[in-house]
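Comments concern the structure below.
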Amino acid sequence: MSLVQFVEQTLGTDNAHRYINQLLETVQERNPSEVEFHQAVREVLISLIPVLSQKPKYMEHAVLDRLVEPDRLISFRVPWTDDTGKIRVNRGYRVQFSNAIGPYKGGLRFHPSVNASIIKFLGFEQIFKNALTGQSIGGGKGGADFDPRGKSDLEIMRFCQSFMTELSKHIGPDTDVPAGDIGVGAREIGYMFGQYKKLVGAYEAGVLTGKGIGYGGSLGRKEATGYGAVYFVEEMLKSAGLGFNGSTVVVSGSGNVSIYAMEKAMQLGAKVVACSDSSGYIYHQAGINLDTIKRLKEVEYRRCQDYVLEHPDAVYVEGCSGIWTIACDIALPCATQNEINKLSAELLVRNGVKAVGEGANMPSTLEAIDVFLDNNVLFAPAKAANAGGVSVSALEMAQNSARLAWTMEEVDLKLQQIMHNIYSESLKASQDYGVPGNLVVGANIAGFVKVADAMIAQGV
Numbered sequence: 122m123s124l125v126q127f128v129e130q131t132l133g134t135d136n137a138h139r140y141i142n143q144l145l146e147t148v149q150e151r152n153p154s155e156v157e158f159h160q161a162v163r164e165v166l167i168s169l170i171p172v173l174s175q176k177p178k179y180m181e182h183a184v185l186d187r188l189v190e191p192d193r194l195i196s197f198r199v200p201w202t203d204d205t206g207k208i209r210v211n212r213g214y215r216v217q218f219s220n221a222i223g224p225y226k227g228g229l230r231f232h233p234s235v236n237a238s239i240i241k242f243l244g245f246e247q248i249f250k251n252a253l254t255g256q257s258i259g260g261g262k263g264g265a266d267f268d269p270r271g272k273s274d275l276e277i278m279r280f281c282q283s284f285m286t287e288l289s290k291h292i293g294p295d296t297d298v299p300a301g302d303i304g305v306g307a308r309e310i311g312y313m314f315g316q317y318k319k320l321v322g323a324y325e326a327g328v329l330t331g332k333g334i335g336y337g338g339s340l341g342r343k344e345a346t347g348y349g350a351v352y353f354v355e356e357m358l359k360s361a362g363l364g365f366n367g368s369t370v371v372v373s374g375s376g377n378v379s380i381y382a383m384e385k386a387m388q389l390g391a392k393v394v395a396c397s398d399s400s401g402y403i404y405h406q407a408g409i410n411l412d413t414i415k416r417l418k419e420v421e422y423r424r425c426q427d428y429v430l431e432h433p434d435a436v437y438v439e440g441c442s443g444i445w446t447i448a449c450d451i452a453l454p455c456a457t458q459n460e461i462n463k464l465s466a467e468l469l470v471r472n473g474v475k476a477v478g479e480g481a482n483m484p485s486t487l488e489a490i491d492v493f494l495d496n497n498v499l500f501a502p503a504k505a506a507n508a509g510g511v512s513v514s515a516l517e518m519a520q521n522s523a524r525l526a527w528t529m530e531e532v533d534l535k536l537q538q539i540m541h542n543i544y545s546e547s548l549k550a551s552q553d554y555g556v557p558g559n560l561v562v563g564a565n566i567a568g569f570v571k572v573a574d575a576m577i578a579q580g581v
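Numbering of the sequence shown is given in our numbering, commencing with residue 122 and proceeding in unit increments.
So, in structure tokens, the structure goes:
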């Protein structure tokens, strides 16, 4: 059942319907032009109507009124000096949405597209995603409109140090724990952690996650989001008697999430034929050579187009959206928000896609999601499928607190169990509230109930 059908069947003239309509209007009035934030809020709120109808206490305690308004949104100037000595200025953000079940937790994104709307949509999604993990972590997000591409290591270091000089006032191991996201990897986390230590005069390992293994990082964190997405999709495929083995897979992106989603899919017997970056995509009918992609992206920081220099039987195409014209059994959008629109979804369906797993945050538009659900395509929403990264971040926090380190095998087993639990809880919630198999609705409900009950218990 698509979200459109779900709305038609569940929305009447009852109090829950009126309440959600009024709240959506309020969100739009208070946050004009923040289209990404509006989209994220709308998807969640519509999904929660059956919960509110059955349990009006959530309306009586104004839980959603409080959740759509962050505890605080911090915006700050980030001045830094480039290699020519010129002073540059960027804008930094941190949104702290909810700490009902634990300290604020969410990544930092360095990308020119970053603005208040994107940071708020990511932070809002993080509330429910983090709740689904079963870990004691709340929802937050941050970043800056800084583009690391083409910058030297020294320029990136200077930017990270300036960014952390302001951010340090608002974070801490028991307050707010940032991590990486697009444009922020182990290098950037290292520079920020070093600056944080200097500023606070203490070694607080749990203040950032995604750290290097030698100074408090967790084995498996780099792989976690990609592996976790594949583990979740595998659970979903099993329910339909399918699997990765023998399947053709298309993965967008070529960062951490994409690389390790490809790796795990290949380990499970899939053939990955395409991946991309912000300039274009490569199609390799014989199967992507992951060693080449890893070297180009993780070591040499080069573009996808250079892949064809070493693999002349592969094809490089300018522009990213065309990747969804490639026929595949399983599509894993792992790049960025709204990369699959209605037209792309229709092309995937026409070409026989059986399952879509969202490795990125909100990579499908609401219209695209409806196309998948209307055509009985198995659909794993980001809120659930993308939760592997933050799950292992929470495991990193636990290791830091205990001053110990787990093996890769221990971390991976815990991750598999967490993703299994998220799938089971999302599926059960969809069944309990009358939309069996709709994991979009199920994940939203399962995450919301945990946070809402904690908020009510703690008072206004």
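All C-beta atoms, glycine included, are put in the ideal place defined by N, C-alpha and C.
Notebook entry, point to check: Assuming Val-561 contacts Ile-490 under a Cβ cut-off of 8 Å, what Cβ separation, rounded to an integer in Å, is found between them?
Noted result: 6 Å
Q.
I'd like the span of the beta strand (DSSP E) that includes Val-556, first residue to last.
A. Per DSSP, Val-556 belongs to no beta strand (DSSP E) and is neither H nor E.
Point to revise | Close beta carbons around Asp-204, own chain, < 7 Å, minus the five adjacent residues each side | key: Ser-273, Leu-275, Glu-276
Problem - Endpoints, beta strand (DSSP E) assigned at Glu-155 - result: Element bounds for Glu-155: n/a, residue is neither H nor E.
> Roughly how many angstroms separate the alpha carbons of Ala-158 and Ser-238, rounded to a whole number?
Replying inline: Correcting the residue type first, residue 158 is Phe in the shown sequence and not Ala. Cα-Cα distance, rounded: 5 Å.
Practice item. Compute the distance between the beta-carbons of Gly-227 and Gly-244, then report whether it is under 8 Å. Key: yes
Between the CA atoms of Val-162 and Leu-145 - distance to the nearest angstrom
8 Å
| request: Using three-state DSSP, classify Val-393 as helix, strand or coil. | output: strand
Using 8 Å as the threshold, is the segment 341–361 in touch with the segment 534–550, meaning 3 or more CB pairs across them? yes
Name the two residues that bound the continuous beta strand (DSSP E) containing Ser-512. Counting along the chain, Ser-512 falls outside any beta strand (DSSP E), though it belongs to the alpha helix (DSSP H) covering 509–523.
Can you tell me whether Arg-342 is buried or exposed? The criterion is at least 16 other CB atoms within 10 Å of its CB, across all chains shown. buried
Identify whether Ala-550 lies in helix, strand or coil by the three-state DSSP scheme. helix
Other residues of its chain near Pro-224: CB distance less than 7 Å, five sequence neighbours each side excluded
Ile-258, Gly-259, Asp-295, Thr-296, Asp-297, Val-298
Taking 7 Å as the limit between beta carbons, can you name the residues of its chain near Gly-327, skipping five residues before and five after? Pro-294, Val-298, Met-518, Asn-521, Ser-522
Q. Beta strand (DSSP E) containing Gln-217: first to last residue?
A. 208–219
**OP:** Starting from Ile-451, follow its DSSP beta bridges and name the residues at the other end.
**Re:** Val-370, Ala-476
*Anyone know if the C-beta pair for Leu-173 and Ala-567 falls short of 8 Å?*
no
Requested in this report: Determine the contact status of Thr-486 and Ile-447, defining contact as a CB-CB distance below 8 Å.
Outcome: no
- Is the segment 427–435 touching the segment 406–413 in the sense that three or more CB pairs, one from each, lie closer than 8 Å? yes
| request: Assuming Ala-107 and Leu-329 form a contact by the criterion Cβ under 8 Å, report the distance between their Cβ atoms to the nearest whole angstrom. | output: Here the chain has residues from 122 to 581 only, and residue 107 is not among them.
*Classify Phe-231 as helix, strand or coil using the three-state DSSP reduction.*
strand
| query | At which residues does the alpha helix (DSSP H) containing Asp-491 begin and terminate? | reply | 487–495
Open item on the list: Rounded to the nearest angstrom, what separates Val-556 and Thr-369 at their Cα positions?
Closed with: 29 Å
*asked:* Would Cys-455 and Gly-401 be called neighbours here (beta carbons separated by less than 8 Å)?
replied: no
Given that a residue counts as buried once 16 or more other Cβ atoms are within 10 Å of its Cβ, and exposed if not, what is Ile-292? buried
Check: If we ignore side chains and look at the alpha-carbon of each, how far apart do His-182 and Asn-565 end up?
Finding: 19 Å
Q. Helix, strand or coil: which one does DSSP assign to Val-321?
A. helix
From what residue to what residue does the beta strand (DSSP E) around Gly-301 run? 297–301
Quiz item: Closest by CA to Ile-248, which one among Gly-580, Val-581, Ala-573, Ile-577?
Solution: Ala-573
> How big is the Cα-Cα spacing for Leu-229 and Asn-251?
Replying inline: 15 Å
Residues of its chain near Asp-266, where Cβ-Cβ distance is below 6 Å and the 5 sequence neighbours each way are ignored = Asn-211, Arg-212, Pro-233, Val-235
**Report entry** Neighbourhood of Asp-135 by C-beta, 7 Å cutoff - its chain only, sequence neighbours within 5 removed
**Finding:** Ser-174
Problem set entry | Pick from Glu-479, Tyr-179, Asn-497 that is closest to Gly-473, judged by C-alpha positions | Asn-497
- [ ] Taking Arg-279 and Thr-202 to be in contact with their CB atoms under 8 Å, please state how far apart those CB atoms are, rounded to whole angstroms.
- [x] 6 Å
Exercise for review: Would you grab the beta carbon distance between Asn-377 and Gly-263 for me? Rounded to a whole angstrom, and I think it's under 8 Å.
Suggested key: In fact, because the Cβ distance is near 18 Å, the residues do not count as touching under 8 Å.
Exercise for the section: Could you check which residue in Val-477, Lys-535, Val-148, Gly-478 has the C-alpha nearest to that of Ala-345? Expected result: Lys-535
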